[in-house]
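Here this note's numbering is used: the first residue of the sequence shown is 15, the next is one more, and so on.
Have a look at the structure below, then the notes.
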Amino acid sequence: MFLFRFKASLFNFKSTSFYTYLRINVYVFRITLFLFFVVNIVTYFYALDQQTISKRELLFNHPEAPWVISCDSVVVAAPFRDPITMFNLIVWMIVVFVAFTSTSSTSFYLWKYLRENEHRSPAVMRMHKMLLITLFVQTAIHGIMLGCPNLLFLYAAFFGANHEMVAQIAFYCLTTHGLVSTIAMMILTKPIKIAILQMFKCPFPRRSADVAQYSASNKI
């Protein structure tokens, strides 16, 4: 999504070194996820055995823990004794790092590019500002609703944590960030907002310049 916004904001995006940086991040992301699927499929039965051992040790060392831990749908993160869990957490950290650096750097790069090209036509500047505002909001949503919970879960996996309410809030943020991001995009992106309002037959307030342009086009 952020790579698409970068391409839409720059006419000669392929000639910039930042585009190469984003493409490298995209390939790192894809290769990492591909290895994640391959390794977990190949080591599926071994990982199940490691999970059984980790759950047994957890219940033995912490008798007060709920017995729901022994369910097959529960995954115990024990990275210092389970190599598959360690691999998955490393993949997780790589994905979080690439996503955070790519989204934040793209937003700041486009913000700097917009400030350096303020001499362009008002229509182009309005479009760029709309894309930039949407990009900053999307970055904030993903950073807060994805970045913070992921950092919390990574910290809990390595160092442990006992804050159930915080974990529930973090899980809620993870599961609803897509909805919040989509709603923000519909509200902040003018063409999408106009299409939605027209779909529900809601009047959309026009600015004076837009009204004058619309009236002139009708006369022609």
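For every residue, glycine included, the Cβ atom is placed at its ideal position computed from N, Cα and C.
_Using 8 angstroms as the threshold, is the C-beta distance between G157 and F122 below it?_
no
_Simplified DSSP assignment, three categories, for T46_ = helix
_Considering only the alpha carbon of each residue, which of P136, P163 and V90 lies closest to M107?_
P163
*With a threshold of 16 other CB atoms inside 10 Å of the CB of K69, please say whether the residue is buried or exposed.*
Burial of K69 is indicated by the presence of at least 16 other C-beta atoms within 10 angstroms of its C-beta.
*If F101 sits next to V53, beta carbons under 8 angstroms apart, how far is it from one beta carbon to the other, in whole angstroms?*
6 angstroms
*Output the distance between the C-alpha atoms of T117 and G161, rounded to the nearest integer angstrom.*
Between T117 and G161, the alpha-carbon positions lie close to 11 angstroms from each other.
*Under three-state DSSP, which class holds C85?*
coil
*If you draw a straight line from the C-alpha of F27 to the C-alpha of H177, how long is it?*
45 angstroms
*Alpha carbon to alpha carbon, how far is I210 from A198?*
Cα to Cα, the separation comes out at about 13 angstroms.
*Terminal residues of the continuous alpha helix (DSSP H) containing L160?*
Careful: L160 lies outside any alpha helix (DSSP H) and carries neither H nor E.
*Within the stretch 170–197, note down every full beta strand (DSSP E) run reaching 3 residues or more, in order along the chain.*
none
*asked:* With the cut-off set at 8 angstroms, would you say L168 and A184 are in Cβ contact?
replied: no
*Which residues in the same chain have their Cβ closer than 8 angstroms to the Cβ of T30, if we skip the five residues on either side of it in sequence?*
L24
_For A61, the first and last residue of its enclosing alpha helix (DSSP H)_ = Here the alpha helix (DSSP H) through A61 covers Y58 to N75.
*Straight-line gap, A91 to L72 (C-alpha atoms, nearest Å)*: 11 angstroms
*Just how far apart, CA to CA, sit K143 and R129?*
10 angstroms
*Return the CA-CA distance between F18 and L145, expressed in angstroms with no decimal places.*
11 angstroms
*How many Å lie between I83 and V89 at the Cα?*
8 angstroms
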